[in-house]
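Counting in my numbering, the sequence shown runs from 1 upward without gaps.
Think of the CB as a built atom: it goes at the ideal place given N, C-alpha and C, for glycine as much as any other residue.
On a predicted model such as this, the values are computed, not experimentally measured, just so you know.
Working notes, beginning with the structure itself.
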Amino acid sequence: MTEKSEIKQLDEKTIEQDHLDDVVEKIKISENKLKEHIDIAEDDLKVINGAFDDIHVGMDGDAISMDSALSIHAQQQMLDERNNSWHQSKQRLEILKKLENNPFFARLDFQEKGEPKRETIYIGLTSFTDKTDHFLVYDWRAPISSIYYDGKLGDVEYQTPDGLQNVDLFLKRQFLVENGKIQAYFDTQETIGDQMLLEVLDGKSSTHMKGIVKTIQSEQNKIIRDTKSKLLFVQGAAGSGKTSAILQRIAFLLYRYRGTLTSSQVVMFSPNMLFNDYIQDVLPEMGEQNMVQMTYSQYLARRLPNISVESLSQQFEKQEDPVKKNVSKFVSDIEFFKILTNYGKLLNQSGVSFKNIKFQGNIFIPKEKIAEIYYSFGPQYNLGNRLDATVERLQKMLRRKVGSEMRSKWVSEQIEDLSQEQLKMLYDTADQEFKNGDDEHRFLARKIVMAAMQKVYSQIIHLRFLNVSVNYLNFLKAVPKITDLSKHGITEEQWKEDIDDFVELFNNKQISMDDLSPYLYLYDLVTGKHGETDMKFVFIDEIQDYTPFQLAYLKDKFPRARYTMLGDLNQSIFTKKNSQTLLSEVQGLFNADETRVVQLTHSYRSTKQITDYTKSILTNGQRIEPFSREGDLPNLLVANSIDESLSQVIDQVNKNDEKNYTTAIITKSLKESQEVQELLQKKGVEATWIRSENQRLATGTIVLPSYLAKGLEFDAVIMWDASKNRFDTDEQQLVYTIASRAMHRLTIATVGELSPLLQRVPEKYYTK
Ligand SMILES: Nc1ncnc2c1ncn2[C@@H]1O[C@H](COP(=O)(O)OP(=O)(O)OP(=O)(O)O)[C@@H](O)[C@H]1O
């Protein structure tokens, strides 16, 4: 930089700092006004609550007067209004406090087509005006802000709710602000310059994910601001910012549809609970509420409270023989979903199984009778209506039964045995009068029968008379008649064995992941459940671990939602190779013109050296562009025994500690992670063992199995025991997933010869 331009920079910086100070000043004024508002609202709330108490005191246990009722209503309304306004002010104050430290991170100078004047705007976490329509800061999600992330200088366009808008962009400036002081600024031609991004990426990992508002990349911006697609499918390399981008997308959507969209209408399915915990701060940091978050298995398992669903570790550790793999593939596909859908239609004519409805241990309405009622309705009924009509009919039968049951012997006996206490409980009032003894007897008999029949009533309305498991079993048995199993490499004998496995598990109150979705889908078909129409946006992360069946089922569950699915087909650690065809299968569920597929090819997480290494693990030539952030070459630690390997690993952990890097030692299996943790403990090395998805990430060194590391990242990763026989040939994706968790340093430990999956990495990419 020449002396002259340095001086110019300094002057500019002072001007910008003055402007920033001015904005901060105004933010503070606004904060004070809000605080006053909050105080007044709090005082008002106290007064209204006090008035409420007075009304309650005046009630004296008598019937409440009309005046009081009106007054309560008015007070309640007032209370709600004040509460809302208090709540909103509080929220706004929180976000203004954040803005005060860092009011903006970018500036744009531009001229709108046809307008005489240039405009300058500043962009920050939220918009801020000091008077109506006088924007000192624009929200990063405002339409105009898009050009900061998107275009180059010159003629650029951006999307507004009314269509495309063109502007001439002269200047794009980025600021690094800390506690109200501009540390540096960069004028940039490109999308968010490398310098700023480098600063951010060089930072340390944390137990909670951070937002990326200031450095969203142009390819990510497209995902964030998409409002058209019914299906937005994002395929991106490890560390390409898929998860980061969709969290920003959720914040964008909540802003864009403010007033019509709430965070409870957005759901995100994530790989495990640990991951949920990892990302939970991102939206609140941006002043938005978190969306609904769950895992797929959680979403379904809550509907079967008495049955335990195969856990993540069981799914992962299960060693399947080739036959089982064929069966598993068959029941995971869209075709199986269609077979089941069609089977559901057949049930309209016959085939639904029922259970007897019992009363006091005896059959009250036999299952055959229920089936007769169910199929007595004409063909114009669908399964759902049929069931509703059956419930109505059964309730009617129950009511008729009350009369006859009241005259039965057990009722008279019970009345005779009633104590004074029990009698009092049955009477409507303590001094209830009856015309005569018969009248009283009838009254008591009805009460007793009704109480006893309550259970039957509840069996009926909760559809306990449906034999859900037998229905599913019947379906499984029907499958070989509906489709040619040999096409899927399955014999009838093998299919039968699979059915036996289902029955055996089910008798032990367990169900496999393979059976869970079809089981519940059949239940939904029979009950005519329509899915949650209120859900507007569904996000599915790590899509490669879902089966096409599961995705078809989710689509059925949220029929009106728009879907964003993201994943990396190279990280399919549960479904392995099957996922390569996933995209085409999923696309088949949506109209082609409502689908958009986006590829993210830049990898931001890791240093260039680590990305070069992990990229070479993959054989299918995926396009992955490393970000030019430099670091050490990954290192390979070769030992002759577990003991030696352990001391090498401890050495490495110490080296990482010196650099203030948090180390994650990632093992293949859960059992191994436990062993490593114990070995470390014996050597006096402190490390937290993450063994279940319900735990939280800890600071300091951690040891965890591969399938729990999904979606997470760490400063330094040590891959434990990558030796020759540890990984199967089809586990390339697992090895890639483990290695790609590292941000700054990657170490591979092996006892004896290295796994062939890693031997293919060229020697120039690592040190020994
Ligand atoms: N635009 C960006 N600006 C700053 N940091 C970014 C950006 N995009 C991604 N990152 C960082 O890169 C890392 C990886 O991002 P993220 O976890 O979202 O990637 P991912 O594609 O979901 O990865 P994976 O599939 O491996 O789980 C995170 O540390 C994230 O903060």
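Task: For Leu96 and Val137, the rounded distance between their alpha carbons - done: 11 Å
- [ ] Assess, as a yes-or-no matter, whether the segment 455 to 464 is touched by the segment 355 to 366 under the definition of 3 or more beta carbon pairs within less than 8 Å.
- [x] yes
- [ ] Measure the C-alpha to C-alpha separation of Ser313 and Lys481 and round it to an integer number of angstroms.
- [x] 35 Å
Task: Neighbourhood of Phe252 by C-beta, 7 Å cutoff - its chain only, sequence neighbours within 5 removed - done: Arg141, Ile224, Arg225
Open item on the list: Which runs of the alpha helix (DSSP H) at least 4 residues long sit entirely within the segment 256 to 323? Give them in chain order.
Closed with: 273 to 279, 282 to 285, 296 to 301, 312 to 317
TODO: Please work out which residues of its chain come closer than 7 Å, Cβ to Cβ, to Glu585, disregarding the five sequence neighbours upstream and downstream, and give them in chain order.
DONE: Ile334, Pro548
Open item on the list: For Tyr427 and Lys401, I'd like the C-alpha separation in whole angstroms.
Closed with: 23 Å
Open item on the list: Using the three-state DSSP reduction, which class does Met743 fall into: helix, strand or coil?
Closed with: strand
Task: 6 Å CB neighbourhood of Val323 in its chain, flanking five on each side removed - done: Gln494
- [ ] Report the option in Met513, Ser755, Lys659, Thr243 whose CA atom is closest to the CA atom of Asp728.
- [x] Ser755
Task: Pairwise C-alpha distance: Arg256 and Asn101 - done: 25 Å
Open item on the list: Taking its Cβ as the centre, do 16 or more other Cβ atoms sit within 10 Å of Arg741, making it buried, or is it exposed?
Closed with: buried
- [ ] Specify the secondary structure class of Lys358 as computed by DSSP and reduced to three states.
- [x] strand
TODO: Please report how far the alpha carbon of Asp770 lies from the alpha carbon of Ser30, in whole angstroms.
DONE: Here the chain comprises residues numbered 1 to 768, so residue 770 is not present and cannot be evaluated.
Open item on the list: Given 7 Å as the limit, tell me if Ser740 has its C-beta closer than that to any heavy atom belonging to ligand 1.
Closed with: yes
TODO: Starting from the C-beta of Ile373, find all residues in its chain whose C-beta is less than 6 Å away, skip the five residues before and the five after it, and write them out in chain order.
DONE: Thr390, Arg393
Task: Any non-hydrogen atom of ligand 1 closer than 7 Å to Lys172 Cβ - done: no
- [ ] Would you check if there are 3 or more beta carbon pairs closer than 8 Å linking the segment 204 to 221 to the segment 543 to 561?
- [x] no
Open item on the list: Our contact map puts Met209 next to Gln174 with C-beta atoms below 8 Å; I'd like the distance itself, whole angstroms only.
Closed with: Not a contact, Cβ separation roughly 22 Å.
Task: Per-residue DSSP class, three states only, for Ile363 - done: strand
TODO: Return yes when at least one heavy atom of ligand 1 lies under 7 Å from the C-beta of Arg605, else no.
DONE: yes
Task: Pick from Asp651, Val23, Met743, Val309 that is closest to Lys181, judged by C-alpha positions - done: Val23
Task: Min CB distance Lys338 to chain B below 8 Å - done: Absent here is chain B; the protein component of the structure consists of one chain.
Task: Ala238 versus Gln111 - alpha carbon distance - done: 39 Å
Open item on the list: Tell me the rounded alpha-carbon separation between Glu763 and Tyr613.
Closed with: 9 Å
Open item on the list: As an exercise, report each continuous alpha helix (DSSP H) stretch of at least 4 residues that is fully enclosed by the segment 152 to 193, in chain order.
Closed with: none
Open item on the list: Going by DSSP in three states, Lys131 sits in which element: helix, strand or coil?
Closed with: strand
Task: Lys318 burial status per 10 Å Cβ neighbour count (16 or more: buried) - done: exposed
- [ ] Check whether the Cβ atoms of Leu201 and Tyr148 lie closer than 8 Å to each other.
- [x] no
- [ ] Output yes or no for whether 8 Å exceeds the beta carbon distance between Leu34 and Ser89.
- [x] yes
TODO: Inspect the CB distances between the segment 260 to 276 and the segment 630 to 641 and report whether three or more fall short of 8 Å.
DONE: no
- [ ] Helix, strand or coil for His602, going by three-state DSSP, please let me know.
- [x] strand
Open item on the list: Counting beta carbon pairs with one atom in the segment 508 to 524 and one in the segment 533 to 542, are three or more of them shorter than 8 Å?
Closed with: no
Task: Exposure label - Met450; buried when at least 16 CB within 10 Å - done: exposed
- [ ] Could you give the DSSP three-state label for Glu532: helix, strand or coil?
- [x] coil
Open item on the list: Ignoring anything shorter than 3 residues, give me the beta strand (DSSP E) runs that lie fully in the segment 664 to 720, in order along the chain.
Closed with: 702 to 705, 714 to 719
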